[in-house]
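Structure, as structure tokens:
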DNA sequence: AACCTCCGATGAAACGATTTAGACACGGAC
DNA sequence: GTCCGTGTCTAAATCGTTTCATCGGAGGTT
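Protein chains in written order, with our numbering: chain A, 76 to 423; chain B, 76 to 423.
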């Protein structure tokens with residue numbers, strides 16, 4: 076039952092109310108909350124009874140004002156609609172839960188302005204630390220957070236200087252793996268379907284593709300680059316249409332997409348326009364999200380250790396928060412190609 | 076630049092530090108922050124200069140302790156890995172952003188314990204209000220939140236009593252639409268692939284399916300119910316294997332799945348085992364997530380207005396927060412069947 | 001009986017912002 | 001010269017919790 080002040084609206088009970096009801100002092104109530112072993116059993120039970128009767132809910136603002144720190148972490152995601160990032164978030168969540176901290180998820184949706192607003196708000200909230208897959212890892216706002224005392228770990232990107240911890244996957248290698256796989260399968264003309272060059276992941280994967288292509292001694296003009304405005308399913312479909320529009324002798328026989336969303340869009344457009352995969356077009360995606368394996372033509376994709384990525388990032392953050400002798404670390408995981416029917420099968 | 080205390084570590088600057096640096100009083104700094112028009116231009120600029128020099132970051136804990144309210148909402152999601160819920164979240168986000176509030180996303184992952192921990196923490200944080208897709212809408216913890224003054228809006232579920240606002244979609248109707256569509260196409264034996272009965276959405280959609288089946292005068296035993304332990308892609312695949320295991324004369328010619336994750340799993344299993352969709356098995360999903368249309372055999376699905384669901388829920392919450400004369404409202408949206416190739420096409 | 005020790009409980013002082021009542025200076029009007 | 005209003009700024013109280021120095025009493029030791 077909530078306390079009512081005069082004829083007014085219910086106001087939540089404070090430690091003071093609890094103390095008065097239980098007939099003890101403020102400090103004792105606080106001890107029951109924070110160091111129960113220092114309070115005798117009878118007093119403790121009396122206080123706990125009072126808390127239950129009054130419906131006492133600890134005020135986290137007051138607590139963190141006094142102690143100077145909160146019990147929460149935050150992960151600022153690049154795109155909450157992409158299952159890859161929600162999987163990373165789940166890895167982070169597990170680590171945070173194990174450490175007894177709660178995790179707030181924020182979605183920047185690829186927009187700098189939203190990202191900035193989230194960061195400012197999190198900083199004001201005094202979260203213990205921030206994990207972020209940034210729109211731009213060189214954004215000075217990130218340095219500013221560090222300077223002002225909020226630890227930051229960069230997820231799925233790296234950064235030249237080393238004033239941050241970061242956890243990433245070798246995207247250049249991932250790009251190479253994908254294209255080498257296609258070259259091995261005998262393809263002589265391949266498309267790279269990327270998003271905007273402003274996205275680091277897209278740049279690196281494309282770079283890896285070019286390296287593999289060059290090392291195989293194939294002519295650069297036979298690696299056709301298609302840029303989309305965003306790495307989404309809809310853009311993948313659009314890319315498929317552009318591919319069909321090419322003259323047959325210039326048309327690639329395989330495509331490597333910068334992520335699985337693009338690949339799934341391309342796959343759908345290809346099949347619904349009457350062509351076959353991989354017969355008319357082999358397709359490699361990136362991220363190996365659950366829907367990749369579940370597609371009707373299961374998608375060959377470059378797998379990243381999504382959970383480990385998140386878990387490791389959270390561990391680094393927790394270490395930075397807890398250990399004064401913390402040293403920044405740049406973890407790079409190795410991606411792995413998962414070959415499935417979209418490049419392997421020989422359709423009837 | 077952060078203030079350094081003696082030889083110690085940097086501590087973030089407070090209004091007091093800003094006041095001292097600018098040579099004004101505490102109250103003036105606060106006025107610059109909250110009522111800039113009450114401060115003369117020269118003083119204001121001096122204070123702003125000091126804030127920038129010191130790297131002042133307002134302490135939200137102190138602010139909300141004093142004012143008694145925060146600037147945030149929260150949405151507790153049932154499954155962050157299901158694109159349906161991230162789409163709902165996006166709708167909420169837009170409304171929150173428009174109201175100048177920030178939104179925290181929490182993931183209960185279908186587990187009551189996690190949900191409870193999140194709710195307790197949010198209550199302690201004194202968020203303005205909570206949107207939730209609950210594991211169990213009758214959980215007494217939800218009533219307790221209301222009693223203690225935190226407004227709650229239930230999303231994608233309804234509840235018998237009306238002490239809450241809620242925004243839902245008519246799941247019984249959705250189930251009917253799906254099964255009527257299959258009956259119209261001439262199917263005489265249909266499977267309902269649901270998750271555990273503990274999930275309300277699963278129950279309601281199944282109920283709608285049964286109603287439509289009964290009204291068509293078809294024998295109840297020809298509506299085969301398959302229960303999965305969770306509504307996921309993996310379970311959809313497993314359901315597909317169970318379907319194949321049935322004797323041919325009892326095997327359904329169509330399946331209605333409680334959500335698109337199940338449907339995509341079932342679709343994949345069906346095709347990879349050499350059968351065709353919809354030739355050997357027609358499939359209807361539910362939610363119409365983006366991957367449904369993007370599947371290689373585009374999925375017929377029951378569409379819910381995901382964005383509107385989120386947006387409307389947020390609006391109800393904001394009204395409840397802002398308007399003392401607020402009346403609880405139970406909004407029910409109408410679902411819509413989107414017919415695609417998985418039930419329509421006639422494969423070669 | 002005097003002394004020491006511990007255990008439990010107390011009360012006051014923070015934490016950093018907001019808010020409110022009032023101080024002060026400066027003109028202008030009578 | 002007094003009075004008033006206006007525009008700025010100040011000082012102090014306050015939000016709910018934690019923490020720390022302190023205090024009283026029970027029990028044991030000499």
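Just so you know, even glycine gets a beta-carbon here, dropped at the ideal spot from N, CA and C.
C-alpha distance - residue i paired with residue j, whole-angstrom precision
i                     : j                     : result
residue 176 (chain B) : residue 316 (chain A) : 41 Å
residue 273 (chain A) : residue 211 (chain A) : 8 Å
residue 126 (chain A) : residue 146 (chain B) : 27 Å
residue 203 (chain B) : residue 155 (chain A) : 23 Å
residue 241 (chain B) : residue 234 (chain B) : 8 Å
residue 88 (chain A)  : residue 180 (chain A) : 29 Å
residue 123 (chain A) : residue 188 (chain B) : 22 Å
residue 345 (chain B) : residue 332 (chain B) : 14 Å
residue 348 (chain B) : residue 328 (chain B) : 15 Å
residue 130 (chain B) : residue 110 (chain B) : 20 Å
residue 93 (chain A)  : residue 96 (chain B)  : 41 Å
residue 393 (chain B) : residue 383 (chain B) : 15 Å
residue 191 (chain A) : residue 184 (chain B) : 28 Å
residue 79 (chain A)  : residue 389 (chain B) : Note on residue 79 (chain A): pLDDT 41, under 50, position unreliable in the model; the coordinate value appears next. Approximately 28 Å, taken between the alpha carbons.
residue 163 (chain B) : residue 325 (chain A) : 43 Å
residue 194 (chain A) : residue 208 (chain A) : 12 Å
residue 399 (chain A) : residue 386 (chain A) : 21 Å
residue 174 (chain B) : residue 165 (chain B) : 14 Å
residue 161 (chain A) : residue 142 (chain B) : 35 Å
residue 355 (chain B) : residue 262 (chain B) : 11 Å
residue 414 (chain A) : residue 320 (chain A) : 28 Å
residue 353 (chain B) : residue 157 (chain B) : 25 Å
residue 137 (chain B) : residue 135 (chain A) : 10 Å
residue 186 (chain B) : residue 271 (chain B) : 13 Å
Sub-8 Å separation of residue i and residue j beta-carbons
i                     : j                     : result
residue 148 (chain B) : residue 220 (chain B) : no
residue 287 (chain A) : residue 303 (chain A) : no
residue 363 (chain A) : residue 334 (chain A) : no
residue 246 (chain A) : residue 201 (chain A) : no
residue 291 (chain A) : residue 258 (chain A) : yes
residue 199 (chain B) : residue 132 (chain A) : yes
residue 266 (chain A) : residue 318 (chain A) : yes
residue 150 (chain A) : residue 169 (chain A) : no
residue 357 (chain A) : residue 289 (chain A) : no
residue 282 (chain B) : residue 250 (chain B) : yes
Beta-carbon proximity list for residue i, same chain, < 8 Å, skipping 5 on both sides
i                     : result
residue 106 (chain A) : 113, 114
residue 339 (chain A) : 308, 311, 360, 366, 367, 370, 374
residue 409 (chain B) : 244, 245, 248
residue 99 (chain B)  : 118, 121, 122
residue 239 (chain A) : 217, 221, 227, 228, 229, 403
residue 197 (chain A) : 149, 151, 179, 181, 205, 225
Cross-strand partners of residue i (DSSP beta bridge)
i                     : result
residue 412 (chain A) : A:377
residue 204 (chain A) : A:148
residue 357 (chain B) : B:329
residue 269 (chain B) : B:302
residue 405 (chain A) : A:241
residue 181 (chain A) : A:151
residue 362 (chain B) : B:378
residue 229 (chain B) : B:207, B:241
Integer-rounded CB distance, given that residue j should sit under 8 Å from residue i
i                     : j                     : result
residue 301 (chain A) : residue 277 (chain A) : Contact flag wrong, Cβ pair sits at about 11 Å.
residue 217 (chain B) : residue 227 (chain B) : 6 Å
residue 284 (chain B) : residue 298 (chain B) : 7 Å
residue 103 (chain A) : residue 117 (chain A) : That pair is no contact at about 12 Å.
residue 343 (chain A) : residue 237 (chain A) : Not a contact, Cβ separation roughly 42 Å.
residue 417 (chain B) : residue 372 (chain B) : 5 Å
residue 275 (chain A) : residue 232 (chain A) : 6 Å
Close beta carbons around residue i, own chain, < 7 Å, minus the five adjacent residues each side
i                     : result
residue 380 (chain B) : 408
residue 139 (chain B) : 145, 201
residue 90 (chain A)  : 101, 104, 105
residue 350 (chain A) : 356
Residues near residue i in its chain [Cβ-Cβ closer than 6 Å; skip 5 each side]
i                     : result
residue 322 (chain A) : none
residue 253 (chain B) : 331, 359, 377
residue 412 (chain B) : 252, 256, 377
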